[in-house]
Amino acid sequence: MGIRCFFFAATVALLSGDSIGSIASCLSAEAGPGRVAVTPPEQAEVLDRENDVAAVESLLSEFRAARSVEETQYLRESTEGAESGARSRVEIGRDLMKLGRSAVPLLITTLDDPDPEVSAVAALALGQIGDRRAVTPLMGVLQSFGTPAVSDSRTRVPGHVRAQASVWALSRLGDPRAVRAIIALTGMPDRRNEMIEKLAFQADCWHYMCGIMLIVCGDAIDRIGLAAAPELVRLLSDADSRIREYAAHYLARFGDPWPWHRRIESEDALRRRESLQPAIAKRVADLAGPKLIELLQDENADVRRTAAAALGSLHVASAAGPLIRSLKDEDPWVRVAAIHALGRIGDPVALGPLARLMRTPGPEQMDCAERAIAAIGGPRAFTLLSAALNDGRVERRVAAIRALGVVGTPEAADLLIAALDDSYSSARNEAIEVLGRFKGPAAARAVAPLIAILHDEEVEREEEPLGARIRIPRDLRSRKTERILAIRSLGELADSRATEVLLDALKDPDWQTRGEALQALGRIKDAKSVQGVTAILKDPDGYPRLCAVHTLILLNPPDLADRLRSLQEDEDESVREAVAPIVQGDAKPGPEE
């Protein structure tokens, strides 16, 4: 299906008010890394006759006799192992996962093997083949997980490795009937297994995650995609509170685009997902919203909390009233989830109740309430946050400063600039950090006040304990922390007006301050800083020298290699490793950090 046809079909499905399955069919029609084109069982034997059953049995026998990856590597490093050419279970598993549909019956039988890894590799192979005949047997593996685990004394693999592999296989098959069985394993103990890492989660960045069951099961639901939504909604009424909680948790993911980013490798597929994301969230919200609102009254606090979070993620507009009532929930984390959700929904009707929460004790709720008010926005929200900056409690002022960072307007920047003179360092530090996150016109206003922090000027401000306006030398408040935070923020703003003051900071006696100034200069990329940065290559401390190397690479002067050549014999190994590719001509410096 071409891209134009794909978008046309998806649009027709949305405009016609068709079921959510219509969009799902559009997505699955463009098979990619996140979906498997499953062949009906009646076509299986016609498409694949090349795998002899005896060959499959031979591979399984070799797998049973094989050693783990670590043992195989150890043997290969010895003379005997090198001569024997023994293969590890992972290597044999890769061959098993190349099998065709004629191997399905034997692999299904192998799911009951007493060796958990043998059973697991059979499940992985079935998922890779993509034959629907495997769905029911694989679900049986998950449903029988409550029985005593079978462990092989030689491999010391816990029995749940077969369940973990079956979750992955069912996600490849994309059958929504497996959703409940998958969700039921979300709370399973987290354990890693190298074979599953290397065969199922092949991307290196996923190896460290594959033993975390919340992520493994979530990835499986993401792979099943929109077809899982109706089943997840049905599970919101499940008798088991854990099932209700995790069903709400996974429904919330349809409102956030990030799950689609994790495993989709094709840029075209990613763009298709992103273009449909608002429509997907809207349809799931219509489907799940009423039941999620009901769950705000659930007897289980975890269910109430997760339901509130899901309502916010899906932007269920009709949930504003029920969520406001949840602000009085007896559980504090339900209240926090309701606050976040109201901020995401953005209904101004919530401003009054949220403003009252700003005055309640407890920094967590106060901070969340002010962020939610900032997210809702509007003149009234800005007035509420402005007033909070004059509150007598420093924790409330800090929360208001964070929230104004969400607002991000020039007017908010002016208020934060004024907060740089707060008598409490925690408020000043927060204002410095938040100013560094501003963009556009608001960012332009922040540069000069941040530069002033690095100068030894006198400022006038009111000291709260004294209640009088006095003149205080700036160097008393320009402590190391404030200077470093100001340098970082200037680097984030990347405004060349800060170049001179950052070059002056390279003379600071503190090595960490010098290093931070170098990193900021690397973000600004002003050619005027090349000479000053080069001088730091002779710094007595290794950290500034290393930062200077990385900054010069970012600045990329024409004679970069010549400037770095003297560091080839540096006493610091990290410095030597950083300059070697440039001096030897093995790498080209680029614009990216």
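Just so we're on the same page, my numbering is the position in the sequence shown counted from 1, plus 4. Ideal Cβ placement from N, Cα and C applies to all residues, glycine included.
Sub-7 Å separation of Leu497 and Ala447 beta-carbons: yes
Limits of the unbroken alpha helix (DSSP H) element including His253: 245 to 256
For Ile343, the first and last residue of its enclosing alpha helix (DSSP H): 336 to 349
Best match in Asn304, Val94, Leu274, Ala256 for proximity to Ala204 [C-alpha to C-alpha]: Val94
Terminal residues of the alpha helix (DSSP H) in which Gln168 lies: 165 to 177
Beta-carbon gap between Met143 and His164 smaller than 7 Å: no
C-beta atoms of Val171 and Ile186 nearer than 7 Å: yes
Beta carbon of Val307 nearer than 7 Å to that of Ser245: yes
Sub-7 Å separation of Ser317 and Ala231 beta-carbons: no
Three-state secondary structure (DSSP) of Ala204: coil
Thr114 in three-state terms, based on DSSP: helix
Cβ-Cβ distance between Val125 and Gly97 below 7 Å: yes
Alpha carbon of Glu520 to alpha carbon of Ile491, nearest angstrom: 7 Å
Rounded straight-line distance, which links the Cα of Asp512 to that of His253: 50 Å
Neighbour-count burial assignment, Gly229, 16 or more Cβ in a 10 Å radius: buried
Limits of the alpha helix (DSSP H) - the one that Arg384 falls within: 383 to 392
Top-ranked residue by Cα proximity to His459, from Thr190, Glu486, Ile219: Glu486
Whether Ala524 touches Leu506 by CB criterion (7 Å): yes
Rounded C-alpha distance that separates His4 from Ala450: Residue 4 lies beyond the range of the chain shown here (5 to 597); nothing can be said about it.
Check whether Ala312 and Ala342 have beta carbons under 7 Å apart: yes
N- and C-terminal bounds of the alpha helix (DSSP H) containing Glu573: Neither: Glu573 is in no alpha helix (DSSP H) and is coded neither H nor E.
Contact check, Leu103 vs Ala129, beta carbons under 7 Å: yes
Near the ligand SAM: Arg227 beta-carbon under 6 Å from a heavy atom: Absence of the ligand SAM is noted for the structure shown, with no ligands found whatsoever.
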